[in-house]
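Read the structure below first, then the notes.
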Amino acid sequence: MTEPRWTPYAVLVAIALLAALPLMTGSNYIVGIAISGLIFLTAAAALNLVYGYAGQLSFAQLGFWGVGGYCAAIAVVDLGQSFWFGIAFAGVVNLLLSVVIGIVITRTTRHAFVVVTLTFALLAGLIARDWVGVTRGPLGIPGLPPPSLMGFAFDTGARFYYIALVFALIALAFLYSLKTSRIGLILKAIKQNDPLVESQGIAPGPYKLAAFVIASVITGMAGGIYAFNLKVIDPSFLDFYYMQTFLIIVIIGGAGSFWAVVLAGAAMVVLPEALRFSNELRMVIYGVVLVAVMMFMPRGVAGWLEDRRIAALRKALR
Numbered sequence: 001m002t003e004p005r006w007t008p009y010a011v012l013v014a015i016a017l018l019a020a021l022p023l024m025t026g027s028n029y030i031v032g033i034a035i036s037g038l039i040f041l042t043a044a045a046a047l048n049l050v051y052g053y054a055g056q057l058s059f060a061q062l063g064f065w066g067v068g069g070y071c072a073a074i075a076v077v078d079l080g081q082s083f084w085f086g087i088a089f090a091g092v093v094n095l096l097l098s099v100v101i102g103i104v105i106t107r108t109t110r111h112a113f114v115v116v117t118l119t120f121a122l123l124a125g126l127i128a129r130d131w132v133g134v135t136r137g138p139l140g141i142p143g144l145p146p147p148s149l150m151g152f153a154f155d156t157g158a159r160f161y162y163i164a165l166v167f168a169l170i171a172l173a174f175l176y177s178l179k180t181s182r183i184g185l186i187l188k189a190i191k192q193n194d195p196l197v198e199s200q201g202i203a204p205g206p207y208k209l210a211a212f213v214i215a216s217v218i219t220g221m222a223g224g225i226y227a228f229n230l231k232v233i234d235p236s237f238l239d240f241y242y243m244q245t246f247l248i249i250v251i252i253g254g255a256g257s258f259w260a261v262v263l264a265g266a267a268m269v270v271l272p273e274a275l276r277f278s279n280e281l282r283m284v285i286y287g288v289v290l291v292a293v294m295m296f297m298p299r300g301v302a303g304w305l306e307d308r309r310i311a312a313l314r315k316a317l318r
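Residue 184 in the working numbering is what sits at position 184 of the sequence shown, and the numbering runs on without skipping anything.
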């Protein structure tokens, strides 16, 4: 879909509003929702790279989310390092782990890819629960200290918000640059017709691996930041609720659409909070929204808008 000319201006306005959010509201509750929203939509955008562009449904993102959270927490609590080192450590561990896993699974069929990544996610949850000597088992690692930089402590929600905001902006800018690059175009082609791409002398494997690794590193670092936002990490950090949230955001926005996924991420974080008065109703509406999108917008909101635009053009040309 061609982006409107006003897109850059809308992005600048959105960034300005996000930067001013803690100043405009004195509510820690709203700031807390905003922090979760920024982290979740960043993780969803990373999933969109490997699923929406490369066409590979990776449940491993949940495992990397948990690995990143635990690595960051262990680096700070057990190794005595700073928060910043912990987040970088989470990224490096996920980089190495995703390369090892990715070299194998990106050579498999798409069905086998789903099965292997799901197995990895389940295995990560099992390790978090049973490797008591490292992860503390079901008790988890509580009391994660607030980040600090040159004596300035990010010890309030409003201060921590800017860590999440800066990370989200950097990650999203990087993912957007990939979308418009040669890599992004080749990934889209691979999703549409893998054999055709190969027949043109382009090996799909390295591009699939690159998408998988990049998505895994970003997701792991996002998990590390989210763990410190919660100030605790335990096996529930690997609950499928998180994977469900990331996947729903991508499906509703439209797999392969950058801006629609970002906007869907914001909407799907606010909606559950608005329905928090009833957990049962929240899950029902979540399900209804997902089913409705799958039935009436199989390519997500972005795909539906594109179809409407094409229909309008055809009508105008008659």
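Where a beta carbon is used, it is the ideal one built from N, C-alpha and C, also for glycine.
- Residues Asn94, Ser216, Thr219 and Gly220 of the same chain have their beta carbon placed closer than 6 Å to that of Phe64, with the five preceding and five following residues left out of the count.
- Only buried fits Asp234, as 16 or more other CB atoms lie within 10 angstroms of its CB.
- DSSP assignment within the stretch 150-207 yields the following whole alpha helix (DSSP H) runs of 4 residues or more, N-terminal first: 157-179, 182-192 and 194-199.
- Per the coordinates, the alpha-carbon of Trp84 lies some 12 Å from the alpha-carbon of Phe154.
- Inter-residue distance for Ile74 and Leu175 is about 28 Å (C-alpha atoms, whole angstroms).
- It is roughly 24 Å from the alpha-carbon of Thr135 to the alpha-carbon of Gln244.
- With fewer than 16 other beta carbons inside 10 angstroms of its own, Gly143 counts as exposed.
- The Cβ atoms of Ala222 and Tyr51 do not sit closer than 9 Å to each other.
- In this chain, the alpha helix (DSSP H) harbouring Ser36 covers Asn28 to Leu47.
- Under the three-pair Cβ rule at 8 Å, the stretch 108-121 counts as touching the stretch 45-59.
- Here Ile141 is bridged, per DSSP, to Ile233.
- Linking Gly205 to Leu97 through their CA atoms gives a straight-line distance of about 17 Å.
- The alpha-carbon of Leu313 is positioned some 18 Å away from that of Val301.
- About 6 Å separates the beta carbon of Leu41 from that of Val262, a gap short enough to meet the 8 Å contact definition.
- The shortest CA-to-CA distance from Ala173 to any of Thr25, Phe258 and Trp6 is the one to Phe258.
- When the beta-carbon positions are compared, Phe228 and Gly86 come within less than 9 Å of each other.
- The Cβ atoms of Val291 and Ile141 do not sit closer than 9 Å to each other.
- Between Ser36 and Tyr162, the CB-CB gap reaches or exceeds 9 Å.
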